[in-house]
Structure formats: structure tokens, C-alpha cells
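Position 230, counted from 1, in the sequence shown is what our numbering calls 235; the numbers after and before it change by one each time, with no gaps.
Note that the Cβ used here is the ideal one computed from N, Cα and C, for glycine as well.
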Amino acid sequence: MLRSLIPSVTLFLPVLNEIDGLRAMLPDLCSKGFDQILLVDGGSRDGSVEFARTQGVETYVQHRKGIRHAYIEAWPKIRGEFVVTFSPDGNCPAEALHDLVGAVASGRDMVIASRYLPPARSEDDDLLTGFGNWMFTTLINLCHGGRYTDAMGIYRAYRTSLFGQLDLDKESSYAPETICGTVIGIEPLLSIRCAKKRLNVSEIPVSEPARMGGTRKLQMFRWGAAYLLQVFREMYYWR
Ligand SMILES: Nc1nc2c(ncn2[C@@H]2O[C@H](COP(=O)(O)OP(=O)(O)O)[C@@H](O)[C@H]2O)c(=O)[nH]1
Ligand SMILES: [Mg+2]
6 MLRSLIPSVT LFLPVLNEID GLRAMLPDLC SKGFDQILLV DGGSRDGSVE FARTQGVETY
66 VQHRKGIRHA YIEAWPKIRG EFVVTFSPDG NCPAEALHDL VGAVASGRDM VIASRYLPPA
126 RSEDDDLLTG FGNWMFTTLI NLCHGGRYTD AMGIYRAYRT SLFGQLDLDK ESSYAPETIC
186 GTVIGIEPLL SIRCAKKRLN VSEIPVSEPA RMGGTRKLQM FRWGAAYLLQ VFREMYYWR
């Protein structure tokens, strides 16, 4: 009976060649008592998926390339009422999971593990990513009434149903990416539409350690251009 009072939580792991991080983190993540751990692979060639399977983790290999397709294709497989999105590359410290889940389960729609809410800081940023994250967060606050310190990060917990409710599963939501010749992520749009809908959102400070092994997948300039278009487009598109 007590169990039914605690919401079910899925840990969602998008992965593209993250064997070093998975080896270091997955056994610990598996011991944390999540109702589901779902690893979504973008075509890894370093044994990431095979390793996850040896740990008993549910895996899904996406068909279409690009990070947002990992979410769109695998979202129907999520069973938890809440989801925590987590990159197993060292950037998301597992020690914060307890506080993040506790915060969202206390009645929030979304809680972000902010890298920029003091005293948190990022050990992973360089000058350009640090500026970009600040600039997009500031623009989202100004243009859409958000109160974020970190509108861009992947490390967050939210109601699984938000994804459909905010039309993040619709191709048309990402139209600006085609002009820029890329496939973007979902987090900026999730932050924008939560702000537009005045959802119950908060942040907790969580410092970001440097990436462990592997390589960064961020396409700085193409994504930057597409996100910029998306921020402005959302001022008249989608209510
Ligand atoms: N499934 C999938 N995962 C991806 C893809 N691109 C990146 N990832 C994963 O998404 C997470 C965040 O990407 P990362 O390169 O760390 O971005 P950054 O930390 O913002 O520079 C990591 O776990 C990546 O392995 C993709 O196309 N498909
Ligand atoms: Mg990362």
C-alpha cells in the first residue's frame, strides 16, 4: 500500500558511444531502486549496448539519427509516472538523484538540476558553452517568462506526460532545425513550453563534473543557430 504512495520513476539514458561512463556508473545506477532504467542507443560502436545488457538494463536502439529521435521513439516505452533524463558520461552526478526525485515528487511538474544555481558550477563548460548556456537561458527567460538559471541541461526530472502535453513528440515542433541542417535536442523547447504554460517548475543546484572518456556530441554552431530560431519562433508559434 505504501508503494502506491510513491510515484514510479524511470531513469532515461540517451547513449552514443559512452562505454567509459557506463562502466563507471551503470552498476551504481542499477542499485538505486528505479522502477525502470531505459537506455536508448543512437548507434554506438563501442560496446555500450552490450555492456548495458550484461547489467540487465532495458535497451532500445533508435532507428532515426539524432538525439531528439532517441526521445521521440523511446518515449512510449517509459512506464514511470516521472522520468529523470541523465547522460551517463560523467556530467550528471548520481549523488543528486535522491534530491532531484524528492523535489519533483513533492508536487512539481519539472525540477532541473541546475549547473548555474549557486553554489553549483560546471567543470565541463568551456568559454563558448558557458556563454551559450547563459545566453539561451537569459533569452528564454526574457522571451517566454521563464525563471531559469539553467534552461539547457539534460539533467532534470519531470512528469512523463509533459512530453506529449507540450507536443514535444511532434515533428513540427522542431522545424527550425531543417534550415540549419541538423537534428537538435528537446531540452530548450521543454524549458520554453513549461514557461509558456506556467507549469510548476523549480531548480536545485547540482555541479557538473567534467565528462569522463568519450567525446562531446554537441554541434555547437548548428545547434546554436537552430535553438536561436526556435526561441524566437516560439514567441508566435504554439500556445
Ligand atoms: N541515443 C542517442 N544519444 C545521444 C545522441 N547524441 C548524444 N547522445 C547522448 O546524449 C547525452 C548528452 O550528450 P553530450 O555529448 O554529453 O552532450 P553535452 O554534455 O551537452 O555536450 C550523452 O549521454 C550522449 O552519449 C544520439 O544521437 N542518440
Ligand atoms: Mg555530456
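Residue i vs residue j beta-carbon contact at 9 Å
i	j	result
Gly48	Val66	yes
Arg203	Gly150	yes
Val54	Pro19	no
Trp228	Thr187	yes
Ile24	Asp51	yes
Leu133	Met225	yes
Met240	Leu167	no
Pro93	Gly26	yes
Leu34	Thr15	no
Val89	Tyr160	yes
Asp155	Glu208	yes
Glu213	Asp131	no
Phe17	Tyr76	yes
Gly95	Met30	yes
Arg238	Pro193	no
Tyr163	Leu195	yes
Pro32	Gln60	yes
Arg126	Gly158	no
Span of the alpha helix (DSSP H) around residue i
i	result
Ala230	Met225 to Arg238
Leu147	Leu132 to His149
Ile24	Ile24 to Cys35
Residue i Cβ short of 8 Å to ligand 2 heavy atom set
i	result
Asn22	no
Asp25	no
Ile159	yes
Arg221	yes
Asn96	yes
Asp51	no
Arg126	no
Asp129	yes
Arg216	yes
Ser92	yes
N-terminal and C-terminal residue of the beta strand (DSSP E) that residue i is part of
i	result
Ser127	Careful: Ser127 lies outside any beta strand (DSSP E) and carries neither H nor E.
Met115	Met115 to Ser119
Pro250	The structure shown has nothing for residue 250, since the chain only spans 6 to 244.
Near ligand 1: residue i beta-carbon under 8 Å from a heavy atom
i	result
Lys82	no
Arg58	no
Ala75	yes
Ser166	no
Lys37	no
Asp46	yes
Gly71	yes
Pro193	no
Gln67	yes
Leu132	no
Leu173	no
Leu18	yes
Quiz item: Counting only runs that start and end within the region 40-108, where is the beta strand (DSSP E) found for 3 or more residues in a row?
Solution: 41-46, 63-66 and 87-90
Self-check item: Contained beta strand (DSSP E) runs [length at least 3] in the region 154-227, N- to C-terminal order
Solution: 161-164 and 206-210
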